[in-house]
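If you're matching positions, the sequence shown starts at 719 in this note's numbering and goes up one per residue.
In this text, a Cβ means the ideal position worked out from N, Cα and C, and glycines have one as well.
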Amino acid sequence: VVGRASSDKHRSMSLGIATAAGSGGQIIGPPVAEYLLGLMPWQSVFLVFAGAILLVMVTLPVFKSDYKATPQEMEETITGILKKAFGDPSFTLIFVGFFSCGYQLALITAHFPAFVTEFSEPIVKGGFIDSLGISTTSSLGAVTISLIGLANIIGTLGAGWLGTHYSRKWVLTIIYALRAIFTIIFLMLPFTPFNIIWFSLVMGFLWLATVPLTSGLIGHIYGLRYMATLYGIIFFSHQLGGFIGVWLGGFLYDRTGNYDMVWWIGVGVATFSAIVHVPINEIPLGQRLRAS
C-alpha cells in the first residue's frame, strides 16, 4: 500500500517511515513481555500480544491507495512479469542477497539475549549500567533488543532518505558490508556490557535499513502493479535466512557450547550479500527491454 501510494522519488523514504514505525513494538515489547512473564504463564503472555495485534488489524480497512496502473502495466500479466523477473539476473541477485538479512536478524532476535546472559561479563555494581536498573546479564539481554529497535527507527529513516538521493543498490552494499565489519569488531573484543550495548545500537541502525531499499528497488525495476508479489518472492529468501539463523544457532550451540561459528557464518553471508548487490542493474526492466 505504501509503495503504491508513493512516487518513485520518495518511495524509499515512505517505506522507511512505515518500517521505522514498526520498531515501536520492538522497543516496548521485550520489557512488557518480561514484566508479564512475572505475572502469568508464557501462554497467557502470547494471548495478550495476540489481542493487541487483533486490535491493530481493525484499522487496516482505512488504508487505501490512489495508485493507477500505467497502460503498459495494465497489459502486463502476472505470468509475464514473473517470467521476465526470473529471467533477469538482477532479480536473482536481490533474492540471494536478502538471505543474509533474514539470517542475521533472526539469529540476533532469537539468540542474542541468551548469548548476553551467558557470555557477557558481569554488571559492575554501582556502575553506570547498574544505575539504569540493569543489574543482571539477563536484564541486559532483554534491553539489547529494545536498544536495537530504538536505533532501528533512526537507521531505517536514514536508509529511506539515502534511497531517495543515492543508488539503492550501493546503499544496500554498504549496509551489508558494515554489518560484516562491525560483527568482526565485536567478536574480536571482550564481551563487556559496554561493548554489547554499542554493538546493539550499531546493529539497530543497520537492522531493517535494508527493507525500504530492497522493496523500493523492486518497485523501481519491475513496476508497482505486481510489486507485492515480487517482493513476497524476495522476502521468502529473507525468511529462509531467518529459519537457518535460528535453527543453526541452536544446533551449533548444542554441539559446541558457544555461538562462535554461527556468528562467523553471519559475517560470511553478509559479505556475500554486499558483493552480489554490486552487479545489480537498477535501470527499470521495461526500459531495458524497449532499448533492446
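Element boundaries [alpha helix (DSSP H), containing residue i]
i	result
F764	W760 to M775
N913	P911 to L924
T795	No alpha helix (DSSP H) holds T795; DSSP gives it neither H nor E.
A927	No alpha helix (DSSP H) contains A927, which DSSP labels as neither H nor E.
Per-residue DSSP class, three states only, for residue i
i	result
S885	coil
Y944	coil
L757	coil
S998	The question names Ser, yet the displayed sequence has Ile at residue 998. Of the three classes helix, strand and coil, the one that applies to I998 here is coil, per DSSP.
P908	coil
S1010	coil
Inter-residue CB distance, residue i and residue j (contact presumed, cutoff 8 Å)
i	j	result
L875	S918	With 8 Å as the limit, L875 and S918 do not qualify as a contact, their Cβ atoms being about 18 Å apart.
R886	G941	15 Å between Cβ atoms; not a contact.
P1002	I939	6 Å
L858	V834	5 Å
W965	T901	At roughly 19 Å, the Cβ-Cβ gap does not stay under 8 Å, so W965 and T901 are not in contact.
V987	S838	With 8 Å as the limit, V987 and S838 do not qualify as a contact, their Cβ atoms being about 25 Å apart.
A860	E794	In fact, because the Cβ distance is near 47 Å, the residues do not count as touching under 8 Å.
V763	L754	5 Å
G922	A869	3 Å
F816	I951	10 Å between Cβ atoms; not a contact.
A828	G967	6 Å
Residue i: CB within 8 Å of a non-hydrogen atom of the ligand MN
i	result
G878	Annotation note on the ligand MN: not contained in the displayed structure, which lists no ligands.
Quiz item: Using 8 Å as the threshold, is the segment 806-823 in touch with the segment 988-1008, meaning 3 or more CB pairs across them?
Solution: yes
Practice problem: Pair every Cβ in the segment 911-925 with every Cβ in the segment 830-843, then say whether three or more of these pairs are closer than 8 Å. | Solution: yes
Quiz item: What residue ranges within the segment 956-991 form continuous alpha helix (DSSP H) runs of no fewer than 4 residues, ordered along the chain?
Solution: none
Exercise. Kindly provide the ranges of any alpha helix (DSSP H) runs that are 4 or more residues long and lie completely inside the segment 806-863, ordered along the chain.
Key: 807-815, 817-837 and 846-849
Quiz item: When the Cβ atoms of the segment 818-831 are set against those of the segment 957-971, are three or more pairs found closer than 8 Å?
Solution: yes
Quiz item: For the 8 Å Cβ check, are there 3 or more pairs between the segment 767-780 and the segment 874-888?
Solution: no
Exercise. Would you be able to state if there are at least three C-beta pairs under 8 Å between the segment 892-899 and the segment 938-945?
Key: no
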